[in-house]
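Numbering follows my numbering, with no gaps: position 104 of the sequence shown is 990.
Even glycine gets a Cβ: it sits at the ideal position worked out from N, Cα and C.
Let me begin by presenting the structure, written as structure tokens, before commenting on it.
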Amino acid sequence: MTWKREPRTWTAIAGVLLLWASAFAGIRAGLRLTPAGAPGPDGYGPGELALLRFGTASTVLALYALATRMRLPARADLPRIGLAGFLGISVYHVALNFGEVTVQAGAASLLISAAPVFTALLSALFLHERLTRIGWGGILLAFAGVSLIALSGGKGLRFTPGALLILLSAAVAAVFSILSKQDLRRYAAIEFTSYAIWAGTLPMLVFLPGLVRQAPQAAPAATLAVVYLGIFPAAIAYVLWNYALARMPAGLLSSFLYLSPVIASLIAWVWLREVPTPLTVLGGGIAIAGVIVVQTRGHARG
């Protein structure tokens, strides 16, 4: 699959990177963690945060669907859409939220950056999308850059249970991209995004009793952070991602996610006062160089 580097596609990619990078800090703000690393009484638990976030996203997309009389998916496509929603929305975000209880925002965005590697491998196996040797070298270079960002915290990279949950998120994100490609040939990005988010929100209803208890006690700042997550990094960003995914190879698109830790570190600096170190800056530069290599020399033609 080739792709035309159109302004709309570039704009969609830029929007996704900015919004998804902000989500790592937004999750930490919504959790309202105590110094001991547990959710505080004025914030939300990981599961409750996921439900409120995607309940908000589902509501926004449902209002759009009603206003535009969006068509319903074909019955034959429901199992695949349901699986995509369960993996890409339910599993991904619940695991990510629980992981961020013990993993800082910048480090979490780094671990998620394993997703492009998984996506490139799965794309080669199932979508017959090929990267050149130079392209694989660019992926390794970018991954080395985000590894420096992870190590820049001064405590090294430890595979705690929280880190493993975030790696699980990275793996299911890759599967979500592969599953999405087939349906994006038949459905518009806004349609498929709505179906997947609605399907992925339903399993999260197991956290509804906890959300009902926590919402009245939550600080307004925590609730606003979660509502922001639902409208922007969830509803809008997923539409933008699927728009770009329908127009370019999954492996190439996923390589842009290596820029997410760079942007997330800057946002966490401003929002959470997590000051980036010189090693973070160096790692960011290497990650950017790797993405440039993948995008300019990484796609095997034909």
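What is the DSSP secondary structure of A931, reduced to helix, strand or coil?
Start at 1 with the first residue of the sequence shown, and residue 931 comes out as number 45. Ala is not the amino acid found at residue 931; the sequence shown has Gly there. In the structure shown, G931 sits in coil (DSSP, three-state: anything other than H, G, I, E or B).
Can you round the beta-carbon distance between Y1081 and P965 to whole angstroms, since I take them to be within the 8 Å contact cut?
The sequence position of residue 1081 within the sequence shown is 195, counting from 1. The sequence position of residue 965 within the sequence shown is 79, counting from 1. The pair is not a contact, with the Cβ atoms about 12 Å apart (cut-off 8 Å).
By DSSP, does P1135 sit in helix, in strand, or in coil?
Numbered from its first residue, the sequence shown carries residue 1135 at position 249. Coil at P1135, not helix or strand.
Could you tell me the alpha carbon to alpha carbon distance between T945 and H1014, rounded to whole angstroms?
Translated into positions along the sequence shown, residue 945 becomes position 59. Translated into positions along the sequence shown, residue 1014 becomes position 128. Cα to Cα, T945 sits roughly 36 Å from H1014.
Residue environment, G1040, which counts as buried when at least 16 other CB atoms sit within 10 Å:
As a first step, residue 1040 is located in the sequence shown; it is residue number 154 there, counting from the start. Reliability of the predicted coordinates at G1040 is poor, the pLDDT of 49 falling under 50, and the value obtained from them is presented with this limitation in mind. Exposed: under 16 other Cβ atoms inside 10 Å.
Does the beta carbon of E986 sit closer than 9 Å to a beta carbon anywhere in chain B?
As a matter of chain content, chain B is missing from the structure shown, which is built from one protein chain.
Report yes if the CB atom of A1051 is closer than 9 Å to the CB atom of L973, and no otherwise.
Locating residue 1051 in the sequence shown gives position 165, counting from the first residue. Locating residue 973 in the sequence shown gives position 87, counting from the first residue. The residue you asked about is not Ala; residue 1051 is Leu in the sequence shown. No, they are not a contact pair.
Does the segment 931-948 come within contact of the segment 1153-1173, defined as at least 3 CB pairs closer than 8 Å?
no
Complete runs of the alpha helix (DSSP H) confined to the segment 1050-1122 [at least 4 residues]
1075-1087, 1094-1100, 1106-1115
May I ask which residues mark the beginning and end of the alpha helix (DSSP H) holding L1143?
By 1-based counting over the sequence shown, the position of residue 1143 is 257. Element bounds for L1143: n/a, residue is neither H nor E.
Here's the rule: buried if 16 or more other CB atoms are within 10 angstroms of the residue's CB, otherwise exposed. What is G985?
Working through the sequence shown from its first residue, we reach residue 985 at position 99. The residue in question, G985, is buried, as its Cβ has 16 or more Cβ neighbours within 10 Å.
Would you mind working out which of A900, L947, A1175, K1067 sits nearest I1076, comparing C-alpha positions?
Here residue 1076 is taken as the residue at index 190 of the sequence shown, counted from 1. Among A900, L947, A1175, K1067, the Cα nearest to that of I1076 belongs to L947.
Going by C-alpha to C-alpha distance, which of D1069, A900, L1088 sits closest to S1146?
Your numbering for residue 1146 matches position 260 in the sequence shown. With distances taken between Cα atoms, S1146 lies closest to A900.
Cut-off 8 Å between Cβ atoms - residues of its own chain near A951, not counting five sequence neighbours on either side
As a first step, residue 951 is located in the sequence shown; it is residue number 65 there, counting from the start. The residues are S1080.
At a cut of 8 Å, does the segment 1097-1107 reach the segment 994-1010 through at least three beta carbon pairs?
no
Which residue from V1148, L1152, Y1129 puts its Cα closest to that of R894?
Your numbering for residue 894 matches position 8 in the sequence shown. With distances taken between Cα atoms, R894 lies closest to Y1129.
Fully enclosed by the segment 938-996, which beta strand (DSSP E) runs are 3 residues long or longer?
none
Quick check on T954: buried or exposed, where buried means 16 or more other Cβ atoms within 10 Å of its Cβ?
Within the sequence shown, numbered from 1, the residue matching residue 954 stands at position 68. T954 comes out exposed.
Quick one: Cα of L1094 to Cα of L937, how far?
The residue you call residue 1094 lines up with position 208 of the sequence shown. The residue you call residue 937 lines up with position 51 of the sequence shown. So the alpha carbons of these two residues sit roughly 7 Å apart.
If you check the beta carbons only, do L1138 and V1179 fall under 9 Å apart?
In the sequence shown, counting from the first residue as 1, residue 1138 sits at position 252. In the sequence shown, counting from the first residue as 1, residue 1179 sits at position 293. Their beta carbons are not under 9 Å apart, which means L1138 does not touch V1179 by this criterion.
Would you call G1024 buried or exposed, if buried means 16 or more other Cβ atoms sit within 10 Å of its Cβ?
The residue labelled residue 1024 in the question sits at position 138 within the sequence shown. With 16 or more Cβ atoms within 10 Å of its Cβ, G1024 is classed as buried.
Going by beta carbon distance, what residues of the same chain come within less than 7 Å of G912, once the five residues before and after it are set aside?
Residue mapping note: residue 912 aligns to position 26 of the sequence shown, counting from 1. A1111, Y1114, L1115, P1119.
Does T1005 come out as helix, strand or coil in the three-state DSSP assignment?
By one-based count along the sequence shown, residue 1005 stands at place 119. The answer is helix: DSSP assigns T1005 an H, G or I state.
Give the secondary structure of R891 by DSSP, where H, G and I count as helix, E and B as strand, and everything else as coil.
Here residue 891 refers to the residue found at position 5 of the sequence shown. R891 falls in the coil class under three-state DSSP.
Find out if the Cβ-Cβ distance for the pair S976, G1086 is shorter than 9 Å.
As a first step, residue 976 must be located in the sequence shown, where it is residue number 90. As a first step, residue 1086 must be located in the sequence shown, where it is residue number 200. Cβ distance < 9 Å, so S976 and G1086 count as in contact.
Close beta carbons around A1121, own chain, < 6 Å, minus the five adjacent residues each side:
One-based indexing of the sequence shown puts residue 1121 at position 235. Counting only Cβ-Cβ distances below 6 Å, and skipping sequence neighbours, we find A943, V946, L947.
Of the choices L969, R914, L905, whose alpha-carbon is the least far from that of F1062?
By 1-based counting over the sequence shown, the position of residue 1062 is 176. Taking only the C-alpha atoms, the option nearest F1062 is L969.
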